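Novice:
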Amino acid sequence: MTAFFNRSGIFLFPAISSIAFYLTILYEIPVAGFLFLIPLIYTLSENSASLRRLLTANTVYTGLLYLIILGWAPGVMEAYTGGNTALTYLCYAAFVLIALVISNLLIWLYYLAIKGARRTGSFSLPLLAFTLFLQEAAMSTLLPGMPWLTLHLAYSVIHQDYVLQWASIGGVYFISFCIANFNVLLFIIFRYAHKRLVTVPLYLVFLVAGLLFGYYRLEKGNDPGTGDHGLKIAVITENVPATTRWDAASVNSLVDTYFSLCRQALATQPDLVVWTESAVPWTYSGEDDFLDSLIRISRPYKVSHIIGMNTAAGPESVYNSAYFIRDGQVAGRQDKIYLLSFAEKPLFSFSLPFLQTEGFSAENGEDIHLFSLQDHRIGALICNESNVSGAALDMADAGADLLINISNDSWFSNSGLLMNMHFKNARLRAVESGRPVIVNSNQGYCGYISGKGQVQDRHRHTSAHLATYSVHKKIYNTFYLDNKKLLILLLTLHPVTLYLLTRKKRPIHE
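This is the structure in C-alpha cells:
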C-alpha cells in the first residue's frame, strides 16, 4: 500500500485536493475548507520528496484546479472574439501556464528553504502552509487585473458567517493563512497524533477561539449606528445581454425600459438611484440627450444618481467611470483604478475584443473621489474592483461610510461560479472595511450587505428589476483597516523566523 501511495499518490492526491477545492467553493460544503488540502499536503510533505516530486505534485494540483476553474473561458472568449477557436484555447492555455509558473516558482523556493533547515520536520510543515498561502498572495499582487487567476483558500469557508468575520482582523489573506495552517495541523493530527499529542488541543484552541471571535463580532458586538434617518437607495438593474447593441433597431426599446425603471424608482421616493456599470454604453457628453431626459424626469423628486458610463481620456482611450449626478448636474466622478487585463487594457500589446469596440482601450484612474449625499460619503467600486481588497480599504480610509459596487456580469452569465464569486468578494470587502456594500450587477447577483458581511438581500433576475434599500450609517472600523502595514510585517516575519530557528549551522572552519 505504501508503495502504491508513493507511486500513484503524486498524481492522485493533488488531484483530489483540486477537485475538493472546486466543489467546496461551488457547493459551499460545510467544514470541507478545513480538510481539502490534506491530500496535497501529504504528497508535498513526504520526507523523501525531491524537487521533481514537489513540482510534479504541485503541477497536478494547480494545473487541474485552473483547468476546472477557468472552464468558462473558452466559451466566453469564443463568443466575443468572432469564433476564433485557436486564439480562444491559446489564451486558455496561457492562463493556466501563468498560474503554473508562479506557483511552481514558490514551490522551488520552498524546496530550497527546507534543504537549508537543520530540523526539517519541525520546519517544513509550517513553511508549506505559508507557501500554499503565498501562492494566492503572489497571484493577486502580481496580477490584480486578472481576478480569474486569484483563487483564495478563503473562498472555501467564507459561506460560514463566523469564519467570515476573521476578515476584519486581516482580510481575505488572513483567512487563507488560517485555512492553510488549519489543514496542516489536521494533517499532523492524522499523521503523527501518536507522536505529537499537543497538536490536538492546539488545533481545538485556535479553532474555538476563532469561532468565538466570529460569534461575538457578528452577534454580540456593539452596533455603532448614528441614529440617522437613513439613505433610501433604489437599485436599477436593466439586465441587458452582453450582445445587445444600442443601434437604430433597438435603441427605442432600450430607452423605454430605462425610463420605465427610472419612473418606478422615483415612485418609491428614494434619495439615490444606482445604475449598473456602463449602463450608458457610450462616452459622457455634457449635451447628452439621454442624460438630459433622465435629469428632467428626476428633477421634481430631488433625486441623485450614480450611473456607469465611459469618459474620454484620449483619441482612442477612455476611463471606465461612475458618474454622480446631484441637483441636475454632474457632482462627481470615480474612474476605475484596477482595470481588467486583456479586456479593458492590453497586456503585452495583446487584448481580447470583449467590448466589441474597434481599437478600444481604457486608462486607469489614479485618485479616489467620494460622493457626498446628505451626511453620507459614498465610494464607488467598479466591476472587478470588488476582487481587490485594497480598493475598498482605500475608500474607507478616505472617509467612505458606504460602498457601492456597480458591475456588468452579462459576459459571464453562464458561469454559476463566477456569478457567485462576485457577490462573495463584495461580502469580504464589507467585513474587511467595516462598511456596508450595495451591489448592482447587470445580469449578475445584486443586493445589500451589512458592514459585518450579513446579506440583507441577494437576488438575480434575467429581466429588468428594481430593488430599494434603506441604509443607515454604521461604521465598524476594523483591525485590518487600521493595521494593514502591521499585518504585512507579521506575515513577512513568519517564514523568516521559522528559517532562522531551523537553518543549518555551518562548521566554524567554514
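Under the working numbering, think of the first position of the sequence shown as 59, with each following residue one higher.
Just so it is clear, CB atoms sit at the ideal spot from N, CA and C, and this is done for glycine as well.
On a predicted model such as this, the values are computed, not experimentally measured, just so you know.
1. Can you tell me whether G372 is buried or exposed? The criterion is at least 16 other CB atoms within 10 Å of its CB, across all chains shown.
2. Give the secondary structure of P339 by DSSP, where H, G and I count as helix, E and B as strand, and everything else as coil.
3. Report buried or exposed for H363, applying the criterion of at least 16 other Cβ atoms within 10 angstroms of its Cβ.
4. Check the C-beta distance from I496 over to Y527 and give it rounded, since I have them as a contact under 8 angstroms.
5. Could you please give the first and the last residue of the uninterrupted alpha helix (DSSP H) stretch that includes F382?
6. I need the straight-line Cα distance from Q414 to L209, nearest angstrom please.
7. Suppose you measure from the CA of S214 to the CA of A187; what does that come to, to the nearest Å?
8. Which residue comes first and which comes last in the beta strand (DSSP E) that contains G511?
9. Could you tell me the alpha carbon to alpha carbon distance between G448 and G492, rounded to whole angstroms?
10. Given a threshold of 16 other Cβ atoms within 10 Å of its Cβ, counted over all protein chains shown, does S521 qualify as buried or as exposed?
11. DSSP beta-bridge partners for R391?
12. Do you know offhand how far Y220's Cα is from A488's?
13. Going along the chain, which residues of its own chain have a beta-carbon closer than 8 angstroms to the beta-carbon of L476, five neighbours each way excluded?
14. Name, in chain order, the residues that DSSP records as bridge partners for H523.
15. Okay, do the segment 365-380 and the segment 331-346 touch, 3+ Cβ pairs below 8 angstroms being the bar?
16. Rounded to the nearest angstrom, what separates I165 and L460 at their Cα positions?
17. Among I546, N498, L451, N478, which has the Cα closest to the Cα of T536?
18. Does the separation of the CB atoms of A323 and I353 fall below 7 angstroms?
19. Just to confirm, are S161 and L123 a CB contact at a threshold of 7 angstroms?
20. Hey, quick one: how far does the beta strand (DSSP E) through L397 stretch, first residue to last?
21. With DSSP run on the structure shown, which of helix, strand or coil describes G372?
22. Using the three-state DSSP reduction, which class does L113 fall into: helix, strand or coil?
23. Work out the CA separation of K532 and L539 for me, nearest whole Å.
24. Spatial neighbours of R485 within its chain, please: C-beta separation below 6 angstroms, excluding the five flanking residues on both sides.
25. Measuring CA to CA, which of P132, Y274, S198 is closest to L398?
26. For a test of the three-state rule: what should DSSP assign to D49, helix, strand or coil?
27. Note down, in chain order, each residue of its chain lying with its Cβ closer than 6 angstroms to the Cβ of S336, except the 5 sequence neighbours on either side.
28. Taking 7 angstroms as the CB-CB cut-off, is L548 touching chain E?
29. Pop quiz: Y21 and L243 are said to be a contact at Cβ under 8 angstroms. What is the actual Cβ separation, rounded to whole angstroms?
30. From L544 to C320, what does the alpha carbon distance come to, in whole angstroms?
31. Can you grab the Cα-Cα spacing for the pair Y168 / G502, in whole Å?
32. Within its chain, find whatever has a CB closer than 8 angstroms to the CB of A73; leave out the 5 residues flanking it on each side and keep chain order.
33. Identify every run of the beta strand (DSSP E) within the segment 175-249, keeping only runs that are complete inside it and at least 3 residues long; order them along the chain.
34. From the DSSP output, in three-state form, read off E421 for me.
35. First and last residue of the beta strand (DSSP E) that includes I464?
36. Would you kindly report the start and end of the unbroken alpha helix (DSSP H) that includes L428?
Specialist: This is what the structure gives:
1. One-based indexing of the sequence shown puts residue 372 at position 314. By the neighbour-count rule (16 or more Cβ atoms within 10 Å), G372 is not buried but exposed.
2. Looking up residue 339 in the sequence shown gives position 281. Strand.
3. The sequence position of residue 363 within the sequence shown is 305, counting from 1. Flag for H363 reads buried.
4. The residue given as residue 496 occupies position 438 in the sequence shown. The residue given as residue 527 occupies position 469 in the sequence shown. At roughly 7 angstroms, the Cβ-Cβ gap stays under 8 angstroms, so I496 and Y527 are in contact.
5. Working through the sequence shown from its first residue, we reach residue 382 at position 324. No alpha helix (DSSP H) contains F382, which is instead part of the beta strand (DSSP E) from 375-384.
6. Taking the sequence shown and counting its residues from 1, the one referred to as residue 414 is at position 356. Taking the sequence shown and counting its residues from 1, the one referred to as residue 209 is at position 151. Because Q414 carries a pLDDT of 41, less than 50, the predicted location of this residue cannot be relied on, and no value is offered for it.
7. Here residue 214 refers to the residue found at position 156 of the sequence shown. Here residue 187 refers to the residue found at position 129 of the sequence shown. Distance between S214 and A187, taken at the CA atoms: about 16 angstroms.
8. The sequence position of residue 511 within the sequence shown is 453, counting from 1. First-last for G511: undefined, no H or E at that position.
9. Counting from one through the sequence shown, the residue named residue 448 turns up at place 390. Counting from one through the sequence shown, the residue named residue 492 turns up at place 434. If you take the alpha carbons of G448 and G492, they lie about 13 angstroms apart.
10. Counting from 1 along the sequence shown, the entry for residue 521 is found at position 463. Around the Cβ of S521, a 10 Å sphere holds fewer than 16 other Cβ atoms; the residue is exposed.
11. What you label residue 391 is simply residue 333 of the sequence shown in a count that begins at 1. Paired residue(s): Y381.
12. Working through the sequence shown from its first residue, we reach residue 220 at position 162. Working through the sequence shown from its first residue, we reach residue 488 at position 430. Between Y220 and A488, the C-alpha separation is close to 14 angstroms.
13. Numbered from its first residue, the sequence shown carries residue 476 at position 418. The beta carbon of L476 lies closer than 8 angstroms to those of W130, W206, D467, F470 in the same chain, with the five residues before and after it left out.
14. Locating residue 523 in the sequence shown gives position 465, counting from the first residue. According to DSSP, which records beta bridges pairwise, H523 is partnered with T295.
15. Contact between the segment 365-380 and the segment 331-346 is present, because at least three Cβ pairs lie under 8 angstroms.
16. On the sequence shown, residue 165 is found 107 positions in, with the first residue counted as 1. On the sequence shown, residue 460 is found 402 positions in, with the first residue counted as 1. About 40 angstroms.
17. The count along the sequence shown starts at 1 and reaches residue 536 at position 478. The option with the nearest alpha carbon to T536 is L451.
18. Numbered from 1 along the sequence shown, position 265 holds the residue referred to as residue 323. Numbered from 1 along the sequence shown, position 295 holds the residue referred to as residue 353. At least 7 angstroms separates the beta-carbon of A323 from that of I353.
19. Numbered from its first residue, the sequence shown carries residue 161 at position 103. Numbered from its first residue, the sequence shown carries residue 123 at position 65. No, these two residues do not count as a Cβ contact at 7 angstroms.
20. What you label residue 397 is simply residue 339 of the sequence shown in a count that begins at 1. Counting along the chain, no beta strand (DSSP E) covers L397, and no H or E run does either.
21. Here the question's residue 372 lines up with position 314 in the sequence shown. The DSSP-derived three-state label of G372 is strand.
22. Position 55 of the sequence shown, counted from the start, is the residue given in the question as residue 113. Of the three classes helix, strand and coil, the one that applies to L113 here is helix, per DSSP.
23. Position 481 of the sequence shown holds residue 539. Position 474 of the sequence shown holds residue 532. Distance from the CA of L539 to the CA of K532, rounded to the nearest whole angstrom, comes to 15 angstroms.
24. Residue numbering aside, residue 485 sits at position 427 when the sequence shown is read from its first letter. Closer than 6 angstroms at the Cβ level, and outside the excluded window around R485, lie I507, G511.
25. If you number the sequence shown from 1, residue 398 lands on position 340. Of the candidates P132, Y274, S198, S198 places its Cα closest to the Cα of L398.
26. Here the chain has residues from 59 to 568 only, and residue 49 is not among them.
27. Locating residue 336 in the sequence shown gives position 278, counting from the first residue. Within the same chain, S336 has close Cβ partners G366, N466.
28. Structure shown: chain E not included; a single protein chain is present.
29. Residue 21 lies beyond the residue range present for the chain, which begins at 59 and ends at 568; the question has no answer from this structure.
30. Taking the sequence shown and counting its residues from 1, the one referred to as residue 544 is at position 486. Taking the sequence shown and counting its residues from 1, the one referred to as residue 320 is at position 262. When rounded, the separation of the alpha-carbon atoms in L544 and C320 is 46 angstroms.
31. Stepping through the sequence shown from its first residue, residue 168 is reached at position 110. Stepping through the sequence shown from its first residue, residue 502 is reached at position 444. Cα to Cα, the separation comes out at about 40 angstroms.
32. Along the sequence shown, read from residue 1 onward, the residue named residue 73 stands at position 15. For A73, where only same-chain residues beyond five positions count, the Cβ hits under 8 angstroms are V118, Y119, L122.
33. Within the segment 175-249, no complete beta strand (DSSP E) run reaches 3 residues.
34. Mapped onto the sequence shown, residue 421 falls at position 363. Of the three classes helix, strand and coil, the one that applies to E421 here is strand, per DSSP.
35. Residue 464 sits at position 406 when you count from the first residue of the sequence shown. Segment 460-466, the beta strand (DSSP E) holding I464.
36. Residue mapping note: residue 428 aligns to position 370 of the sequence shown, counting from 1. Looking at the DSSP string, L428 is not in any alpha helix (DSSP H), and its letter there is neither H nor E.
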